[in-house]
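Everything on this sheet refers to the single structure shown next.
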Amino acid sequence: MLVRPLLPSDWPAVAAIFAEGIATGEATFETTVPTWEDWDARHLPEHRFVAEIDGEVVGWIAVVPNSNRTVYRGVGEESVYVAERARNRGVGRALLSTLITSAREGGLWTLQAGVFPENEASIALHRAHGFREVGTRERIGELAGAWRDVVLLELRL
5 MLVRPLLPSD
15 WPAVAAIFAE
25 GIATGEATFE
35 TTVPTWEDWD
45 ARHLPEHRFV
55 AEIDGEVVGW
65 IAVVPNSNRT
75 VYRGVGEESV
85 YVAERARNRG
95 VGRALLSTLI
105 TSAREGGLWT
115 LQAGVFPENE
125 ASIALHRAHG
135 FREVGTRERI
145 GELAGAWRDV
155 VLLELRL
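Numbered as in my numbering, the sequence shown ends at 161 without a single skipped number.
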């Protein structure tokens, strides 16, 4: 497996993996994949990676700033997605490990993630990398007509 920086040319594969996550109903509040331009504008360029197996992109991870306020400039919210065909092969572990190193070296001091409680694999992945559960944000957002909880996880770097 190769983990490397995410390039604009990776967008079709990244978007397809994102669409798989959206379709599960357990990965995000998003209901459509954004355009490359919108996604690119939101995510920090120095903290975006893809995982490849046999030259094929099978996962991605990226960070958005937690806030535009200066006091929170070192806090990022990460998202990690693994293609269904590549799950349980260490892809998420490799991506999250790479991101943690990148974040430390890049001056971030906290990574956080919001995960639906039903997404036990993602919660376990984050806990295995030292993230702690801050708490559950109850009924924080609506998806497909249902109010959903989100577990807030964080890692102090």
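Even for Gly, the Cβ is constructed at its ideal location relative to N, Cα and C.
Q: Return the chain-ordered list of same chain residues with a C-beta closer than 7 Å to the C-beta of residue 80, the five sequence neighbours on each side being excluded.
A: Non-local beta-carbon contacts of residue 80 in its own chain, meaning distances under 7 Å to residues more than five positions away in sequence, involve 48, 51, 67, 68, 69, 70, 107, 112, 115 in chain order.
**Q.** Residues that residue 103 bridges to, as DSSP identifies them
**A.** DSSP, once it has assigned bridges, lists no residue as partnering residue 103.
Q: Name the residue from 127, 161, 120 whose alpha carbon lies nearest to the alpha carbon of residue 150.
A: Check the Cα spacing between residue 150 and each of 127, 161, 120: the tightest is with 120.
Q) Does the beta-carbon distance from residue 75 to residue 10 come in below 8 Å? A) Contact flag unset, no.
Q. What's the call for residue 59, buried or exposed, on a 16-neighbour Cβ count within 10 Å?
A. Exposed is the call here.
Q. Would you call residue 14 buried or exposed, if buried means 16 or more other Cβ atoms sit within 10 Å of its Cβ?
A. Per the 10 Å Cβ criterion, buried.
**Q.** Delimiting residues of the beta strand (DSSP E) encompassing residue 53
**A.** Residues 52-57.
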